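Undergrad: For the sequence shown, numbering that gives the first Met the number 0 gives the first residue as 0, with consecutive numbering after it.
Mind having a look at this structure? Questions to follow.
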Amino acid sequence: MISGVEEFMGDVHIEKEVSEIPSTAHGDAVKNTSLLIDTLGFHSLMDDIFTRLLTLTSYISHRFIQFIEDLVFRDVIRCSENLVVVSSERNPGCSCHSICTSISEGCSLSSKPCISISSPTVLEGRTSGLREELLVNARSEFVESNYNYRGVPIFFQGLMLPLSSLRFAWRLSLLSWKQFFSYLRCIQVQVQSITSRVCTTLRGSSDDIGWLQCTPGMASVEDGTARFLELLAGIRNGEHKLPNSFVYLLIPGLFSNHGPLYFVGAKRFFSKMGLACHIAKIHSEASVEHNAWELKQYIEELYWGSGKRVMLLGHSKGGVDAAAALSVYWSDLKDKVAGLALVQSPYGGSPLASDILREGQIADKETRKIMEFLICKLIKGDIRALEDLTYEKRKEFIMKHKLPENIPLISFHSEASIAPGVLATMTHIAHAELPWLPFPNFSNEESDNVQAGRQVPVVIPSSAAMAVCALHLQLRYGEKSDGLVTCRDAEVPGSVVVRPDKKLDHAWMVYSSRKKNPSEPDSCEMCEALLTLLVELGKMKQEARENSND
Numbered sequence: 000m001i002s003g004v005e006e007f008m009g010d011v012h013i014e015k016e017v018s019e020i021p022s023t024a025h026g027d028a029v030k031n032t033s034l035l036i037d038t039l040g041f042h043s044l045m046d047d048i049f050t051r052l053l054t055l056t057s058y059i060s061h062r063f064i065q066f067i068e069d070l071v072f073r074d075v076i077r078c079s080e081n082l083v084v085v086s087s088e089r090n091p092g093c094s095c096h097s098i099c100t101s102i103s104e105g106c107s108l109s110s111k112p113c114i115s116i117s118s119p120t121v122l123e124g125r126t127s128g129l130r131e132e133l134l135v136n137a138r139s140e141f142v143e144s145n146y147n148y149r150g151v152p153i154f155f156q157g158l159m160l161p162l163s164s165l166r167f168a169w170r171l172s173l174l175s176w177k178q179f180f181s182y183l184r185c186i187q188v189q190v191q192s193i194t195s196r197v198c199t200t201l202r203g204s205s206d207d208i209g210w211l212q213c214t215p216g217m218a219s220v221e222d223g224t225a226r227f228l229e230l231l232a233g234i235r236n237g238e239h240k241l242p243n244s245f246v247y248l249l250i251p252g253l254f255s256n257h258g259p260l261y262f263v264g265a266k267r268f269f270s271k272m273g274l275a276c277h278i279a280k281i282h283s284e285a286s287v288e289h290n291a292w293e294l295k296q297y298i299e300e301l302y303w304g305s306g307k308r309v310m311l312l313g314h315s316k317g318g319v320d321a322a323a324a325l326s327v328y329w330s331d332l333k334d335k336v337a338g339l340a341l342v343q344s345p346y347g348g349s350p351l352a353s354d355i356l357r358e359g360q361i362a363d364k365e366t367r368k369i370m371e372f373l374i375c376k377l378i379k380g381d382i383r384a385l386e387d388l389t390y391e392k393r394k395e396f397i398m399k400h401k402l403p404e405n406i407p408l409i410s411f412h413s414e415a416s417i418a419p420g421v422l423a424t425m426t427h428i429a430h431a432e433l434p435w436l437p438f439p440n441f442s443n444e445e446s447d448n449v450q451a452g453r454q455v456p457v458v459i460p461s462s463a464a465m466a467v468c469a470l471h472l473q474l475r476y477g478e479k480s481d482g483l484v485t486c487r488d489a490e491v492p493g494s495v496v497v498r499p500d501k502k503l504d505h506a507w508m509v510y511s512s513r514k515k516n517p518s519e520p521d522s523c524e525m526c527e528a529l530l531t532l533l534v535e536l537g538k539m540k541q542e543a544r545e546n547s548n549d
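Next comes the structure, spelled out in structure tokens:
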């Protein structure tokens, strides 16, 4: 206001001076006056700018002070709560009294009446009221009188800063230790998983081989090797005792669809004797349950077509399929089947199938994918055909479907030779028909060319492969086998077991060898001896039932 009066008086003084200037100097005075007016306008503009800057600076400082006060009173509230909690836990009465005293002192400085506080909730409400009162009345005497309080929160804030740093460092160290222990836990789990897989792989089928003999409640077996050798010697001397009152059904094993000569020699041998012999046309790479259903229908067709009961002889998986058909559909087949001979059949399971498809071992998923590609994609089969021969699946099936007790059963197993001589033995599995090709004729016949057709035998070193597998099973598990099936797993509970002393691999009974010894029996004669023994066993069981009925 004073500056405004001074400006007004200055203007009056200027006007008087201007009026007193003579007319001769009027032009210079006008110029000086306009220059003075411009100078005064510039000064007023600068004063306005500085005033605005000062106002802005005051506003910013006020907001900054308000922000600091918010932080300070937040620390006051936290410290008050901590003091209330700690003192109430240790000495509730003293804490309330001290807090009431401090708040009462604060109230005496303000214009509002003091309220007695007896709980932390009331204390918190009163403290927040003080905070609002101090913020609203920032320019009052209350603020000036309470400037001494600002040292306390700043002091606590100065103490809380290293405490917060220590707490942050402690939490960071705890997090680091947690991450470290979590990483160690993951490593431990991975090591345990790898160790378990290695142990499972190394243990293999050592706990499963021969489980049929160790399971309580399983029927005992009877040795029929001596009678079998007698019948075999008689057959080689021309004594053929197989009756024509049965239909003989030969059931091939796994992958037999890819061996055209599978059981062909035995069928031809029986047909020359005037016996009704058939080879079951089933999908050898199908599951056991599927083949059991097909065999059931096949047996019923043979029975209703011939009126004769059927004698079954199954090799390898074919014996397992036949046993499954009798176990599941015995109520339909009990009057149609006269007996079953299982030749080198993995009735209890196969260690090779289990070792290939066992879960939990090293590279189990990769191995299964390879087998699925070979069986499902390449040869258009079913992976369950191999999976059903594992110990796990065989245990599950046998415990659920047991063979009938009153049916004649024969189990035949052998041991493969691991001598070096078997490496040169070739097995004849098929014939390759060559096209008709012209060959020159060097004779004096009229035609210069003759048409000739040739059959070339297809041979594979199956004996060498079986010898390698048999050596593997003997070194790893200490078990005798024919290369694919161990002797103990081929013995069916309640059956008559035939254990020949001759070294025979798994493929010998169904394929003819290129190296034959006339002084030794062949596979056809052994099949005849087995079926003859099965017929005798059926007669003995029938006589025993008749005697028990009498």
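Where a beta carbon is used, it is the ideal one built from N, C-alpha and C, also for glycine.
Here the structure is a predicted model, which is why all the values come from computation and not from measurement.
(1) Is the beta carbon of M539 closer than 8 angstroms to that of M525?
(2) Answer yes if the region 379-386 comes into contact with the region 279-288, meaning at least three C-beta pairs across the two stretches below 8 angstroms, and no otherwise.
(3) In chain order, what residues of the same chain have a beta carbon less than 8 angstroms from the beta carbon of L529, not counting five sequence neighbours either side?
(4) Below 7 angstroms CB to CB, which residues in the same chain sit around R196 once its five sequence neighbours on both sides are set aside?
(5) Assign A218 to one of three DSSP states: helix, strand, or coil.
(6) G420 to S462, Cα distance in whole Å?
(7) With a threshold of 7 angstroms on Cβ separation, who are the neighbours of E557 within its own chain once the five nearest residues in sequence on each side are excluded?
(8) Helix, strand or coil for Y261 per DSSP?
(9) Given this structure, state the Cα-to-Cα distance separating C185 from S192, to the nearest angstrom.
(10) Closest to K307 by CA distance: which of S353, G318, F245 and F268 is it?
(11) Identify the continuous alpha helix (DSSP H) that holds I234 and give its terminal residues.
(12) If you reduce the DSSP assignment to three classes, tell me which class M310 lands in.
(13) Determine the direct distance from the alpha carbon of G258 to that of S446, and round the result to whole angstroms.
(14) Please list the terminal residues of the continuous alpha helix (DSSP H) segment that includes F563.
(15) If G286 and D387 are in contact, beta carbons under 8 angstroms, what's the gap, nearest whole angstrom?
(16) Rounded to the nearest angstrom, what separates L474 and A418 at their Cα positions?
(17) Just reading off the alpha helix (DSSP H) that C375 is part of, what are its end residues?
(18) Note the first and the last residue of the continuous beta strand (DSSP E) segment covering C565.
(19) Return the residue from the list L472, D207 and L332 that minimises the CA-CA distance to P403.
(20) Mapping DSSP to helix, strand and coil, what is T56?
(21) Are the region 312-329 and the region 249-258 touching by the rule of at least three beta carbon pairs closer than 8 angstroms?
(22) Using a threshold of 7 angstroms, is the CB atom of V336 nearer than that to any non-hydrogen atom of the ligand ZN?
(23) Relative to the C-alpha of G318, which candidate in P345, S219 and R62 has its C-alpha closest?
(24) Determine the contact status of L351 and L483, defining contact as a CB-CB distance below 8 angstroms.
(25) Buried or exposed: R357, going by 16 or more other Cβ atoms within 10 Å of its Cβ?
(26) Should K335 and E299 be called a contact, given that it needs their Cβ atoms to be closer than 8 angstroms?
(27) When the Cα atoms are used, what is the spatial distance from L173 to L183?
(28) Please list, in chain order, all residues of the same chain as L231 whose beta carbon is under 8 angstroms from its beta carbon, the five residues on each side excluded.
(29) Identify, in the order they occur along the chain, each residue of the same chain with its Cβ nearer than 8 angstroms to the Cβ of H277, setting aside the five sequence neighbours on each side.
(30) So which of K501, V190, A324 and Y476 has the shortest CA-CA distance to S204?
(31) Provide the residue span of the beta strand (DSSP E) that contains S410, from first to last.
(32) What do you reckon, are the CB atoms on A324 and A291 nearer than 8 angstroms?
(33) In whole angstroms, give me the CA-to-CA distance for N256 and R367.
(34) Considering only C-alpha positions, which residue in the set P499, S522 and E414 is nearest to V467?
(35) Suppose contacts are defined by Cβ-Cβ distances below 8 angstroms. Is S480 in contact with C486 by that definition?
(36) So D488 and I208 are supposed to be a Cβ contact under 8 angstroms. How far apart are they, rounded?
TA: In brief:
(1) The residue labelled residue 525 in the question sits at position 526 within the sequence shown. The residue labelled residue 539 in the question sits at position 540 within the sequence shown. No; because the gap between Cβ atoms is not below 8 angstroms, this pair is not in contact.
(2) yes
(3) Here residue 529 corresponds to residue number 530 of the sequence shown, with the count starting at 1. Taken in chain order, the residues that qualify are F227, L312, A340, V342, I409, F411 and V497.
(4) Within the sequence shown, the letter at position 197 stands for residue 196. Cβ neighbours of R196 beyond the five flanking positions: G359, Q360 and I361.
(5) Residue numbering aside, residue 218 sits at position 219 when the sequence shown is read from its first letter. Correct three-state label for A218: coil.
(6) In the sequence shown, residue 420 corresponds to position 421, counting from 1. In the sequence shown, residue 462 corresponds to position 463, counting from 1. Answer to the nearest angstrom: the Cα atoms are 10 angstroms apart.
(7) Residue 557 falls outside the range modelled here, since the chain spans only 0 to 549, and no answer is possible.
(8) Position 262 of the sequence shown, counted from the start, is the residue given in the question as residue 261. It is coil, neither helix nor strand.
(9) Reading the sequence shown from its first residue, position 186 is the one you call residue 185. Reading the sequence shown from its first residue, position 193 is the one you call residue 192. Cα to Cα, C185 sits roughly 10 angstroms from S192.
(10) As a working note, residue 307 is residue 308 in the sequence shown. Measuring from the Cα of K307, the nearest candidate turns out to be F245.
(11) Along the sequence shown, read from residue 1 onward, the residue named residue 234 stands at position 235. Unbroken alpha helix (DSSP H) run through I234: T224 to R235.
(12) The sequence position of residue 310 within the sequence shown is 311, counting from 1. DSSP places M310 in strand when its eight states are reduced to three.
(13) Numbered from 1 along the sequence shown, position 447 holds the residue referred to as residue 446. Numbered from 1 along the sequence shown, position 259 holds the residue referred to as residue 258. Because the pLDDT at S446 is just 43, under 50, the model does not fix this residue reliably, and the point stays unresolved.
(14) Residue coverage of the chain in this structure runs from 0 to 549, which leaves residue 563 outside it and unanswerable.
(15) Here residue 286 corresponds to residue number 287 of the sequence shown, with the count starting at 1. Here residue 387 corresponds to residue number 388 of the sequence shown, with the count starting at 1. Checking the sequence, you will find Ser at residue 286 rather than Gly. With 8 angstroms as the limit, S286 and D387 qualify as a contact, their Cβ atoms being about 6 angstroms apart.
(16) For this step, residue 474 is matched to residue 475 along the sequence shown. For this step, residue 418 is matched to residue 419 along the sequence shown. Rounded to the nearest angstrom, the two C-alpha atoms are 15 angstroms apart.
(17) On the sequence shown, position 376 is the one that residue 375 refers to. Looking at the DSSP string, C375 is not in any alpha helix (DSSP H), and its letter there is neither H nor E.
(18) Given a span of 0 to 549 for the chain in the structure shown, any question on residue 565 remains unanswerable.
(19) The residue you call residue 403 lines up with position 404 of the sequence shown. Cα-wise, what sits closest to P403 is L332.
(20) Mapped onto the sequence shown, residue 56 falls at position 57. In this structure, T56 counts as helix in the three-state DSSP scheme.
(21) yes
(22) This structure lacks the ligand ZN, and indeed carries no ligand of any kind.
(23) On the sequence shown, residue 318 is found 319 positions in, with the first residue counted as 1. Of the candidates P345, S219 and R62, the one whose C-alpha sits nearest the C-alpha of G318 is P345.
(24) Here the question's residue 351 lines up with position 352 in the sequence shown. Here the question's residue 483 lines up with position 484 in the sequence shown. Yes, the Cβ-Cβ distance between L351 and L483 is below 8 angstroms.
(25) Here residue 357 refers to the residue found at position 358 of the sequence shown. That one is buried.
(26) Residue mapping note: residue 335 aligns to position 336 of the sequence shown, counting from 1. Residue mapping note: residue 299 aligns to position 300 of the sequence shown, counting from 1. Yes; because the gap between Cβ atoms is below 8 angstroms, this pair is in contact.
(27) To locate residue 173, count along the sequence shown from 1; it is residue 174. To locate residue 183, count along the sequence shown from 1; it is residue 184. Answer to the nearest angstrom: the Cα atoms are 15 angstroms apart.
(28) Position 232 of the sequence shown, counted from the start, is the residue given in the question as residue 231. These residues qualify, in order along the chain: P520, E524, M525 and A528.
(29) Position 278 of the sequence shown, counted from the first residue, corresponds to residue 277. Taken in chain order, the residues that qualify are V246, Y247, L248, L249, K266 and L301.
(30) Within the sequence shown, the letter at position 205 stands for residue 204. Nearest of K501, V190, A324 and Y476 to S204, Cα basis: Y476.
(31) Here the question's residue 410 lines up with position 411 in the sequence shown. Start and end: L408 to F411.
(32) Position 325 of the sequence shown, counting from 1, holds the residue named residue 324. Position 292 of the sequence shown, counting from 1, holds the residue named residue 291. Yes, these two residues count as a Cβ contact at 8 angstroms.
(33) For this step, residue 256 is matched to residue 257 along the sequence shown. For this step, residue 367 is matched to residue 368 along the sequence shown. Taking the straight line joining both Cα atoms gives about 22 angstroms.
(34) Taking the sequence shown and counting its residues from 1, one reaches residue 467 at position 468. When only C-alpha atoms are compared, the closest one is E414.
(35) Counting from 1 along the sequence shown, the entry for residue 480 is found at position 481. Counting from 1 along the sequence shown, the entry for residue 486 is found at position 487. Cβ distance < 8 angstroms, so S480 and C486 count as in contact.
(36) As a first step, residue 488 must be located in the sequence shown, where it is residue number 489. As a first step, residue 208 must be located in the sequence shown, where it is residue number 209. Contact flag correct, Cβ pair sits at about 6 angstroms.
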